[in-house]
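Position one of the sequence shown corresponds to residue 3 (our numbering), numbered consecutively onward.
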Amino acid sequence: MTTPDTNPSLREGSGAMFDGIAHRYDLVNRVISLGIDQSWRKKTVRALELKPGARVLDLATGTADLAIMIARQHPHVSLVGVDPSAKMLEVGQKKLDAEQLAERIELHVGDAQRLDFPDRSFDGVSIAFGIRNVPDRLQGLREMARVTKAGGRIAILELSEPRGGLLGPLARFHVHSVVPAVGALLSGAKEYHYLQKSIAAFPSARRFESLMREAGLHVVASTALTFGVCHLYVGEPIV
Ligand SMILES: C[S@@+](CC[C@H](N)C(=O)[O-])C[C@H]1O[C@@H](n2cnc3c(N)ncnc32)[C@H](O)[C@@H]1O
């Protein structure tokens with residue numbers, strides 16, 4: 003029998019896990035984030051500060067929501083989306099075909115820890131809700147630094163444990179109770195329990211910023227969004 007111990011591709015957060023929930027991923031995303039995920043993606047697009055003609059790499063692209071948003075907001079930008087889940091990419095490809103974006107966005111199966119692209123080949127790199135799933139995050143960040151041109155931006159959007167303050171307890175209740183329950187109802191119980199567990203296990207913003215520096219990135223910005231439910235980290239390769 004194959005278990006996550008004997009087959010690393012079945013581990014939580016892997017492409018194989020996302021293959022199993024790909025068909026419901028977009029719906030669950032909108033419901034559990036109350037639609038706020040798209041406003042976080044918009045901030046991520048702005049942080050890339052793209053110019054016409056730019057080439058962008060969207061890692062852990064999944065069903066391509068962020069890649070699509072970048073393409074729509076920047077009509078003269080081309081993109082490559084990479085993700086280990088062929089099923090998530092299949093859903094993404096259908097969206098690209100429907101929106102006539104297939105000529106501007108290529109999707110490839112791949113791993114953020116081992117990118118099959120030359121040094122300094124992209125003007126911008128993005129990753130939304132993906133770095134949490136990359137087992138060796140430092141290696142993933144090093145790869146981002148390697149493939150980004152000097153002066154290019156790297157935008158990393160990731161969920162985090164909501165902080166204190168007036169609405170902190172409400173946000174925590176949402177992440178700890180509502181998200182796993184609604185996720186289980188609409189999709190897979192195991193997967194949405196993992197979501198909450200992996201958010202809790204993700205390093206603090208300060209620790210993540212130092213990981214970015216260790217990977218050869220200058221931290222341009224690190225911003226808590228919506229009571230700290232999400233963070234947007236922006237970096238540039240140190241040259
Ligand atoms: C929560 S989804 C995010 C998808 C998309 N970026 C979005 O904004 O909706 C996380 C994605 O990370 C991908 N992933 C898991 N391990 C990865 C790795 N080592 N490298 C790149 N992506 C990975 C999964 O297959 C999944 O599609």
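In this text, a Cβ means the ideal position worked out from N, Cα and C, and glycines have one as well.
For Leu169, no alpha helix (DSSP H) encloses it, and the DSSP letter there is neither H nor E.
Residue side-chain check: Phe131 places its Cβ nearer than 7 Å to a non-hydrogen atom of ligand 1. By the Cβ-count criterion, Phe229 is buried, with 16 or more other Cβ atoms from all chains shown falling within 10 Å of its own Cβ. If you draw a 10 Å sphere on the C-beta of Ala183, you find fewer than 16 other C-beta atoms in it, and that means exposed. Listed as beta-bridge partners of Pro239 by DSSP are Leu219.
Between Asp21 and Arg43, the C-beta gap is not smaller than 8 Å, which leaves the two residues out of contact. Annotation: Val47 to Leu159 spans about 10 Å, alpha carbon to alpha carbon. Residue range 150-161 is occupied by the beta strand (DSSP E) that includes Thr150. Pairing Ile107 with Ala69 gives a Cβ-Cβ distance under 8 Å.
Residue range 88-100 is occupied by the alpha helix (DSSP H) that includes Leu98. Relative to ligand 1, the beta carbon of Ser200 is positioned no closer than 7 Å to any heavy atom. With contact defined as three or more Cβ pairs closer than 8 Å, the region 72-91 and the region 109-125 are in contact.
Shortest Cα-Cα distance from Lys151 to any of Arg215, Leu219, Ala207, Glu105 involves Leu219.
Looking at Ala73, Asp118, Ser206, Gly185, the one whose alpha-carbon comes closest to that of Lys97 is Ala73.
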